[in-house]
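K.L.:
I'd like to ask some things about the structure below.
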Amino acid sequence: MGQNLSNCRLPGIEQDLFAAVQSGELKEVESILQLDPGILQRSSFYSDLSVLHIAAANGYLEILSMLLERWAHPDVLGRQKQTPLMLAAMHGKIACVEKLLRAGANILMFDSVQGRTCLHYAAYYGHSDCLQAILQAAHANLISESWGFSRFVNVRDTKGETPLHLAAKQGRLACVRMLLDKGALVSASSGNNGFRGPTPLHLAARKGSLECVRELLAWGADRHQTDSAGRTAYVIALRRNHLCAALLNPSSAGPLVWPSPLKIISELNPDVKLLLEKALVEANRKREKKILKGTVYALSSPAHTESIDDDKLECNSMELCCICFEQACTIEVQNCGHQMCAHCTMALCCHKRPKHDTQSLPAPACPFCRRDIARLAVAKSNIKEEIDEGNSPKQRRLRQSQSSSEGSSSSSLLSSAMGSIARIGSHGSGRIADCSDLLDKL
1 MGQNLSNCRL PGIEQDLFAA VQSGELKEVE SILQLDPGIL QRSSFYSDLS VLHIAAANGY
61 LEILSMLLER WAHPDVLGRQ KQTPLMLAAM HGKIACVEKL LRAGANILMF DSVQGRTCLH
121 YAAYYGHSDC LQAILQAAHA NLISESWGFS RFVNVRDTKG ETPLHLAAKQ GRLACVRMLL
181 DKGALVSASS GNNGFRGPTP LHLAARKGSL ECVRELLAWG ADRHQTDSAG RTAYVIALRR
241 NHLCAALLNP SSAGPLVWPS PLKIISELNP DVKLLLEKAL VEANRKREKK ILKGTVYALS
301 SPAHTESIDD DKLECNSMEL CCICFEQACT IEVQNCGHQM CAHCTMALCC HKRPKHDTQS
361 LPAPACPFCR RDIARLAVAK SNIKEEIDEG NSPKQRRLRQ SQSSSEGSSS SSLLSSAMGS
421 IARIGSHGSG RIADCSDLLD KL
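Residues in the sequence shown are numbered consecutively from 1, following this note's numbering.
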């Protein structure tokens, strides 16, 4: 990472200490500290980096723990005013990051290189585990009370770039997703003193990171926003022949945007949130297939890994949504108790595009009773009970086949009706099946 951790200017025992820490020799470090307990204070003044920096950057947790016990200065400054926490986050040493945080390391210290914090470095180098640990520490830190957690997530360096800018610039999808979920401003421009720099969407387009572009658009990034040169993200991606230019084209259909300003969305439990996120991804994937129909590039597979057979099993074992008649009812509206599929729920919540200056939006109304939706929950499924009772989907299909072979008129009528419903429900998927083989693999 550009860090030369060796130090050859120290005389005698100080140089032996640095060599032992550099090579990770715990017993040698311990013996030197026993011979001269005050060596830690002296070595920090004669070197560009302290032994704490070297241990944290190399991930030597035991040595770091022993050094902190003997010299409780986790925020000692080294070269260019970088702290041990910055180097641990830079090199992705999560155990050392957590140890320094527990020791009281300050997460709001800026270096003298580009005025970056440990959060900037974790996002830039794509260490999402370190990023998560720092964000969790910010909630329990005094910073959340004095500085404000939202302000910390959007902290800027000397160039006016936030951690989200750096993560998008490097194509770090996991970090981009985590920062957006924690309140990072999706359309914030970088730059200082009135200079309007690029947004995270511009930087992701320049990198050609299709996944990051998808994520930013799903969180409401503005495709029409320009940088200081008057360029949109579409123009930047188009000049570099990146595939994401098709999604950034302002004339193409806009994606569904995660409705974060809604109170019911902010209070979702993990299971409901996962269902709605999956529905959002699937809806935007269908949009992408139409947009990219004429391209020769292939897209990566969706994040979810559920097979078609699993989806069919779920639909066979649960009631169909009364709005689309295509998906199973997986979401229950509270307090009225009406049910619908995750796709229709997502469309209902996204019927109004969230404004960047709006803190909250009125709750949508239930499409069945027109009452305000107070909360969303996972709809109860009878799959397990049916399987336990010997009424699994395979057994039902077997019984239906046997009934059909007997030539029952009522079974024939039922099969005909179900076939009509299936043709209506699969009308949209039939159009997708007519696409090229390349798009069918998406």
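Note that beta-carbon positions come from the ideal geometry of N, C-alpha and C, so glycine has one too.
From a predicted model like this one, the values you see are computed outputs, not experimental measurements.
1. Just how far apart, CA to CA, sit TRP258 and ALA363?
2. From GLU14, ALA20, GLY24, pick the residue whose C-alpha is nearest to that of LEU40; which is it?
3. Under the three-state reduction of DSSP, which class applies to LEU216: helix, strand or coil?
4. Just the Cα atoms here: how many angstroms apart are LEU68 and LYS182?
5. Taking 8 Å as the threshold, find out whether the region 102-113 comes into contact with the region 130-141 through three or more Cβ pairs.
6. Can you name, in chain order, every residue of its own chain whose Cβ lies under 7 Å from the Cβ of GLY425, other than the five neighbours on each side?
7. Which runs of the alpha helix (DSSP H) at least 4 residues long sit entirely within the region 170-216? Give them in chain order.
8. To the nearest angstrom, report how far apart GLU30 and ARG285 are at their CA atoms.
9. Do ILE134 and ALA103 come within 8 Å of each other at the CB atom, strictly closer than that value?
10. Taking Cβ positions, are ALA237 and PRO200 nearer each other than 8 Å?
11. Alpha carbons only, please: which of SER260, LEU248, MET66, ALA377 is nearest the one belonging to PRO270?
12. Could you tell me the distance, in whole angstroms, from the CA atom of LYS244 to the CA atom of TYR124?
13. Under 6 Å Cβ to Cβ from LYS441, same chain only, skipping five residues before and after it: list those, please.
14. Could you give the first and the last residue of the continuous beta strand (DSSP E) run that contains ARG375?
15. From TYR234 to ILE264, what distance separates their C-alpha atoms?
16. Please classify ARG240 as buried or exposed, where buried requires at least 16 neighbouring CB atoms within 10 angstroms.
17. How is LEU49 classed by DSSP in three states: helix, strand or coil?
18. How many angstroms separate the CA atom of ILE63 from the CA atom of VAL213?
19. Under three-state DSSP, which class holds VAL333?
20. Report the rounded CA-to-CA distance for VAL281 versus SER23, giving the unit in angstroms.
21. For PHE152 and TYR60, I'd like the C-alpha separation in whole angstroms.
22. For CYS118 and ASP48, what's the separation of their Cα atoms in angstroms?
23. Going by DSSP, what residue range makes up the alpha helix (DSSP H) through TYR121?
24. Taking DSSP as the reference, what is the three-state secondary structure of GLN132?
25. From ALA379 to PHE368, what distance separates their C-alpha atoms?
26. Looking at the unbroken alpha helix (DSSP H) that takes in SER23, where does it start and where does it end?
27. Would you kindly work out how many angstroms separate the C-alpha atoms of SER209 and LEU100, rounded to a whole number?
28. Which of helix, strand or coil does DSSP assign to ASP271?
29. Closest to ALA95 by CA distance: which of ALA56, ALA246, TYR121 is it?
30. Measure the alpha-carbon distance for LEU164 versus GLY148 and round it to whole angstroms.
31. Name the DSSP bridge partner or partners of ALA365?
32. Nearest CA to the CA of GLN82: which residue from HIS53, LEU179, GLN132, ASN58?
33. Looking only at its chain, what residues have a beta carbon closer than 6 Å to the beta carbon of VAL113, apart from the 5 residues adjacent to it on each side?
P.N.:
In short, the structure shows the following:
1. 14 Å
2. GLU14
3. LEU216 falls in the helix class under three-state DSSP.
4. 31 Å
5. Taking 8 Å as the limit for Cβ pairs, the verdict is that the region 130-141 does touch the region 102-113.
6. For GLY425, the predicted model reports a pLDDT of 40, less than 50, meaning its position is unreliable; a value from the coordinates is still stated below. Around GLY425: PHE325, GLU326.
7. Fully enclosed alpha helix (DSSP H) runs of 4 or longer: 173-181, 200-207.
8. 57 Å
9. Between ALA103 and ILE134, the CB-CB gap reaches or exceeds 8 Å.
10. no
11. ALA377
12. The sequence shown places Cys at residue 244, rather than the Lys named in the question. Distance between the alpha carbons of CYS244 and TYR124: 21 Å.
13. Because LYS441 sits at a pLDDT of 39, beneath the cut-off of 50, its placement in the model cannot be relied upon, and the following sentence gives the value as read from the coordinates. Within the same chain, LYS441 has no close Cβ partners at all.
14. 375-378
15. 33 Å
16. exposed
17. Correct three-state label for LEU49: coil.
18. 41 Å
19. strand
20. Distance between the alpha carbons of VAL281 and SER23 is about 47 Å.
21. 28 Å
22. Their Cα atoms are separated by approximately 19 Å.
23. 118-124
24. helix
25. The alpha-carbon of ALA379 is positioned some 16 Å away from that of PHE368.
26. 12-23
27. 33 Å
28. Residue state, collapsed to three classes: helix.
29. Out of ALA56, ALA246, TYR121, ALA56 has the C-alpha closest to the C-alpha of ALA95.
30. 17 Å
31. ASP372
32. HIS53
33. Once the five neighbours on either side are set aside, the close Cβ partners of VAL113 are GLN80.
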